[in-house]
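Its first residue numbered 1, the sequence shown is counted upward by one per residue in full-length UniProt numbering. We put the beta carbon where it would ideally sit given N, CA and C, even for glycine.
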Amino acid sequence: MKVSTAIIRCLEKEEIDIVFGYPGGAVVPIYEELRNSNIKHILVRQEQAAAHAASGFARTSGKTGVCIATSGPGATNLITGIATAYMDSIPLVVITGQVNSTAIGRDVFQEADIVGATEPFTKHNYLVKDPNRIPEIFKEAFYIASTGRPGPVLIDIPLDIQKETISFSYPDRVNIAGYKPTYIGHTGQIKRAIKKLKSSKRPLICAGGGILCSKASKELKIFSEKARIPVVHTLMGIGALPSDSNYYVGMVGSHGHSFSNKVVDKADLLIIIGARVGDRATADFKLINKNTDIIHIDIDPAEVGKNIDTNIPVVGDAKNILSQFIEKVEPLDTDDWMEIINSYKKNSMAQYNGKDTFINPREALKTLSSLADSDTIFTADVGQNQIWAARNLEINDERKFFTSGGLGTMGYSLPAAIGAKLAAPDKKVVCILGDGSLQMSLGELATLCEIDQNITILLFNNNRLGMVRELQDNLIGKGKYFGIDFTANPDFMKIADAYGLKGMRITSNDKLKTAFKTALNSNNSYIIECMVDPSIFSTL
């Protein structure tokens with residue numbers, strides 16, 4: 001069997017039925033075998049979008065996403081998408097073509113050391129030198145990508161290797177020396193945590209993206225309700241606890257709700273589950289009171305205590321550890337604490353100071369939430385649109401809100417929405433982005449047309465890089481703006497029409513309901529362009 005054929009057989013063995021890619025000379029043999037397989041190939045318009053679409057597919061389906069690119073610039077275009085998945089713990093297997101093995105290191109046409117370049121952004125990567133190892137390498141790659149803390153794995157395959165002939169046998173199991181993820185929490189640490197919890201008067205759970213990775217939302221809800229502990233979440237933890245739960249507080253961090261940040265400051269015990277405790281989530285590491293006791297739970301031992309002093313570290317899978325907690329915890333008396341929290345939440349909504357001739361993003365997103373089905377999937381880009389979405393959408397289930405939270409990659413949301421829709425064609429998908437973000441992935445509108453699915457695109461247009469303007473305000477001084485204005489933005493409705501998409505531009509809040517109803521109920525993809533006051537901030 002040719003190696004190119006074996007590669008497709010490996011994907012079939014892993015039950016992969018869709019891949020995202022962009023062909024080139026170094027992957028022609030692989031594409032020839034794809035043509036003869038039942039695996040669906042989605043042709044994106046730039047390789048970075050292939051990684052983002054595979055990410056959206058993985059986050060929606062719970063399976064490992066797969067993307068393919070050629071050597072040299074094709075492979076290097078993937079790097080930002082790979083790094084995005086790495087920072088957000090998304091399982092991907094990335095397949096790249098490479099120049100002939102005899103030419104590696106000789107600076108031939110379209111050669112790049114993609115293995116070296118992606119080493120910081122992958123859980124593991126391979127340069128295939130022995131064609132007979134292809135089945136073993138693919139088995140390991142899918143195992144590594146999807147176990148422990150998920151993440152991307154890259155397989156770089158020289159062109160001449162793809163043409164070799166091997167005897168194909170796919171392994172049943174994997175045994176990788178030195179790679180043994182811990183899934184069950186240490187019983188001694190669990191006992192210490194429960195003991196600390198019993199003595200707490202103001203306990204608080206901070207839920208991160210690890211809750212979603214381990215599909216532990218159900219266990220988190222049971223634990224918080226049984227123990228009567230309120231829950232805040234990070235940006236990546238949106239959907240970890242239904243927003244209609246009695247113990248739901250809100251989002252924390254630099255762009256979180258002010259009342260949520262206040263609750264974190266007043267807590268005497270903070271149970272952090274599946275979160276990196278990064279600078280954004282902790283307002284530059286200033287948010288958590290130095291007198292607060294910390295229990296930090298994470299499947300990645302490198303993350304536990306990395307950014308914050310931890311009293312009780314617990315390494316393991318969030319779902320399993322929460323189940324261990326549920327078995328042992330008793331209800332706590334948190335009535336007074338909940339009363340304090342509810343008092344913080346009252347009258348805490350930020351005021352909208354924009355002009356009436358523009359759309360209020362908060363009202364737009366609240367209206368959208370009220371009209372969307374409960375199982376609607378939202379993707380948000382990076383910038384003010386991300387924060388408006390995170391603060392105002394009502395998300396009551398895991399795997400319903402996706403964004404680039406770690407790397408902060410503009411251009412993520414549209415290809416991610418395409419991947420999400422292909423993973424769940426029966427669900428409505430809404431892509432939220434700004435005018436800057438859309439222009440970073442504008443070509444993917446063609447991909448959207450080709451998949452012939454209904455995705456609603458909510459475009460916030462303020463003709464500038466709004467989040468950068470906020471940073472310039474904070475770091476340089478109010479009014480000292482530079483390099484942020486789009487003085488020659490295109491007419492996005494004409495662009496939509498050129499792609500054969502339907503669209504509507506609105507400047508009045510009273511048109512929101514009709515516009516969203518039209519888009520959500522359309523059989524085709526629809527762009528709703530909301531003109532936004534360029535002077536407003538993200539914390540609405």
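Nonlocal neighbours in the same chain, by C-beta distance under 6 Å from residue i, ignoring five residues either side
i: Ile8; result: Glu33, Ser37
i: Gln384; result: Gly466, Met467, Ser538
i: Tyr499; result: Leu445, Cys449
i: Thr310; result: Ile294, His296
i: Ile222; result: Ile326
i: Ser71; result: Ala26, Gly97, Gln98, Val99, Gln110
i: Ile528; result: Leu458, Met504, Ala515, Ala519
i: Val429; result: Ile377, Ala417, Ala420, Lys421, Ile455
i: Thr334; result: Arg228
Cβ-Cβ distance between residue i and residue j below 8 Å
i: Tyr170; j: Cys431; result: no
i: Thr182; j: Gly316; result: yes
i: Asn524; j: Lys502; result: yes
i: Leu365; j: Leu393; result: yes
i: Glu163; j: Lys2; result: Looking at the sequence shown, residue 163 is not Glu but Lys. Their beta carbons are under 8 Å apart, which means Lys163 touches Lys2 by this criterion.
i: Gly56; j: Ala380; result: no
i: Lys421; j: Pro331; result: no
i: Val115; j: Pro158; result: no
i: Ile341; j: Pro230; result: yes
i: Thr514; j: Phe358; result: no
i: Gly237; j: Gly208; result: yes
i: Leu220; j: Leu235; result: no
i: Pro152; j: Ile82; result: yes
i: Ala6; j: Ile205; result: no
i: Asn463; j: Pro361; result: no
i: Ile144; j: Tyr179; result: yes
i: Gly239; j: Ile79; result: no
Cross-strand partners of residue i (DSSP beta bridge)
i: Cys431; result: Thr379, Ile457
i: Val94; result: Cys67, Leu154
i: Thr507; result: DSSP output for Thr507 lists no bridge partner at all.
i: Gly21; result: Leu43, Ile68
i: Cys530; result: Phe460, Ile506
i: Phe516; result: Paired residues: none, contrary to the question.
i: Leu11; result: None, per the DSSP bridge assignment.
i: Phe402; result: Thr379
i: Lys2; result: Thr165
Selection from the options that minimises the alpha carbon distance to residue i
i: Ile299; options: Ile288, Val314, Phe138; result: Val314
i: Ser214; options: Asn175, Gly274, Tyr179; result: Gly274
i: Ile288; options: Val304, Leu43, Leu269, Glu14; result: Leu269
i: Thr409; options: Phe57, Gly500, Ser441; result: Ser441
i: Lys123; options: Ile155, Arg106, Glu136, Thr76; result: Ile155
i: Val66; options: Asn474, Val532, Phe285, Glu47; result: Glu47
i: Ala424; options: Ala49, Ile176, Phe378; result: Phe378
i: Asp160; options: Ser101, Gln110, Ile114, Ile137; result: Ser101
i: Gly148; options: Ile184, Ala75, Tyr126; result: Ile184
i: Tyr22; options: Ser61, Ala75, Thr60; result: Ala75
i: Ala54; options: Ile16, Arg35, Asp485; result: Ile16
i: Leu407; options: Ala85, Phe259, Arg228, Thr60; result: Ala85
i: Leu458; options: Phe486, Ser369, Gly178, Gly24; result: Ser369
i: Lys218; options: Phe402, Ile484, Glu398; result: Glu398
i: Gln351; options: His257, Lys198, Asn246; result: His257
i: Ala372; options: Arg106, Lys427, Trp337; result: Lys427
i: Phe460; options: Tyr344, Val532, Tyr526; result: Val532
i: Ser343; options: Phe259, Ile18, Phe482, Leu414; result: Phe259
i: Glu363; options: Arg133, Thr456, Leu540; result: Leu540
i: Lys262; options: Lys345, Asp336, Asn246, Asn291; result: Lys345
i: Phe168; options: Ile451, Asp88, Trp388, Lys13; result: Lys13
Proximal residues to residue i (C-beta, below 7 Å), its chain only, five neighbours per side dropped
i: Gly278; result: Asn307
i: Gly210; result: Ile273, Gly274, Ala275, Asp298, Ile299, Ala318
i: Asn353; result: Ile536
i: Thr367; result: Leu512, Lys513, Phe516
i: Ala216; result: Ala318, Lys319, Leu322
i: Arg192; result: Ile312
i: Ile137; result: Tyr126, Val128, Ile155
Neighbourhood of residue i by C-beta distance below 8 Å, restricted to the same chain and skipping five residues each side
i: residue 541; result: Here the chain comprises residues numbered 1 to 540, so residue 541 is not present and cannot be evaluated.
(request) Starting from the N-terminal side, write out each stretch of the beta strand (DSSP E) that is 3 residues or longer and does not extend beyond the UniProt domain "Thiamine pyrophosphate enzyme central" (190-324). (result) Correct list: 203-207, 231-233, 248-251, 269-273, 293-298, 312-315.
(request) Scan the region 455-485 and note each continuous beta strand (DSSP E) run of 3 residues or more that stays entirely inside, going in chain order. (result) If we require 3 residues or more, the beta strand (DSSP E) runs fully inside the region 455-485 come out as 455-461.
(request) For the region 323-362, list the alpha helix (DSSP H) runs that are entirely contained and at least 4 residues long, ordered along the chain. (result) If we require 4 residues or more, the alpha helix (DSSP H) runs fully inside the region 323-362 come out as 335-345.
(message) Runs of 3 residues minimum, wholly inside the region 125-192: which ones carry the beta strand (DSSP E) assignment?
(response) Whole beta strand (DSSP E) segments, 3+ residues: 152-158.
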